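**Student:** Can you keep this structure in mind? I'll have questions shortly.
Numbering (our numbering), first residue to last: 1 to 315.
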């Protein structure tokens, strides 16, 4: 009698959890760094984020032995076109983020990243015709009400929150179509952004308005560090995500915006009136509903695997 086939591996690993947790904690503390560079124009900070991410990302690829993937990607027009799109979207996202933290709008930043998973569900339904269950529809509706409430209270769309959610949501969507690994894709993106970034840095320095040298060693170190705080969390996350269930990642992604929210309210002392309180309560409720949908789907898939041990789990 033959032995039964082993169950497919569909478990979270301690190593994956440690990687993902480290990445989300680093992103959660990132507002402190962005406050430190708030006196530098956001565009200049983003340019340095790009330039100094390249050597770090390159060294990681050399260490992993994946440099050949880049040479193949550079000879593939479709890959290059998709990389241009994702590079443009990540530039928009970084620019809004850096500016908003420096401008004292970290609360709107947190809201944007809270909204993001809900927007990604909506994007999948609209562009990929993915079906939504009842809980997901409720979650999206609550998020829309929260944004509408803030728009009514402020007399305009909370563009920081919406801009971050849209840019990161579309970035993640198109990133799935980039036929290279996450580490290789990140290197390809910053490599393509490097020429305009260097040109901008040269322009600012030659015009006497740059901060890489003329304003002291402190600014030089801060701008050099932009590469570390940009590349390291992304690459740690990329390795952790491969070792975790999607549902686990879906829950853990709330860590960073929650930390940003706490820092904005209790450290940066940003105004947090009743309208924002109601809006955040609506978003938190939406995320709780969304999370319950994730956990419900996870249990259903697990039950299906246990009933049919010879069948692989659905992706």
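C-beta: ideal position from N, C-alpha, C; glycine also. None of the values given here were measured: they were computed from a predicted structure.
As a quick exercise: from 87, 103, 147, pick the residue whose alpha carbon is nearest that of residue 113.
**Tutor:** Here the question's residue 113 lines up with position 113 in the chain shown. The option with the nearest alpha carbon to residue 113 is 147.
**Student:** Can you give me the start and stop residues for the alpha helix (DSSP H) that residue 177 sits inside?
**Tutor:** Residue mapping note: residue 177 aligns to position 177 of the chain shown, counting from 1. Unbroken run through residue 177: none, as it is neither H nor E.
**Student:** Hey, out of 75, 30, 192, 177, whose CA is closest to residue 84's CA?
**Tutor:** By one-based count along the chain shown, residue 84 stands at place 84. In terms of Cα proximity to residue 84, the closest of 75, 30, 192, 177 is 192.
**Student:** Tell me whether the beta-carbon of residue 233 lies closer than 8 Å to the beta-carbon of residue 73.
**Tutor:** Along the chain shown, read from residue 1 onward, the residue named residue 233 stands at position 233. Along the chain shown, read from residue 1 onward, the residue named residue 73 stands at position 73. No, the Cβ-Cβ distance between residue 233 and residue 73 is not below 8 Å.
**Student:** Can you look up residue 136 in the DSSP assignment and give me helix, strand or coil?
**Tutor:** Within the chain shown, the letter at position 136 stands for residue 136. Correct three-state label for residue 136: helix.
**Student:** Is it buried or exposed, residue 333, if we count other Cβ atoms within 10 angstroms and call 16 or more buried?
**Tutor:** There is simply no residue 333 to check, as the chain begins at 1 and stops at 315 in what is shown.
**Student:** If you follow the alpha helix (DSSP H) that residue 69 is in, where does it begin and where does it stop?
**Tutor:** As a position in the chain shown, residue 69 is number 69, starting the count at 1. Residue 69 -> alpha helix (DSSP H) spans 67 to 74.
**Student:** Grouping DSSP H, G and I as helix and E and B as strand, with all else coil, what is residue 41?
**Tutor:** To locate residue 41, count along the chain shown from 1; it is residue 41. Note: residue 41 maps to coil in three-state DSSP.
**Student:** Which first and last residues belong to the alpha helix (DSSP H) in which residue 215 is found?
**Tutor:** For this step, residue 215 is matched to residue 215 along the chain shown. Taken as a continuous stretch (DSSP letters only), residue 215 belongs to no alpha helix (DSSP H), as it is neither H nor E.
**Student:** Classify residue 157 as helix, strand or coil using the three-state DSSP reduction.
**Tutor:** Position 157 of the chain shown holds residue 157. Note: residue 157 maps to coil in three-state DSSP.
**Student:** DSSP three-state label for residue 243, please.
**Tutor:** Taking the first residue of the chain shown as 1, we reach residue 243 at position 243. Looking at residue 243 - three-state DSSP - the assignment turns out to be coil, as it is neither helix nor strand.
**Student:** With contact counted as at least three CB pairs below 8 Å, one residue from each stretch, are the stretch 28 to 47 and the stretch 218 to 229 in contact?
**Tutor:** yes
**Student:** Specify, as a first and last residue, the run of the alpha helix (DSSP H) that residue 91 falls within.
**Tutor:** Taking the first residue of the chain shown as position 1, residue 91 is located at position 91. 77 to 102 is the extent of the alpha helix (DSSP H) around residue 91.
**Student:** With DSSP run on the structure shown, which of helix, strand or coil describes residue 15?
**Tutor:** Translated into positions along the chain shown, residue 15 becomes position 15. In the structure shown, residue 15 sits in a helix (DSSP, three-state: H, G or I).
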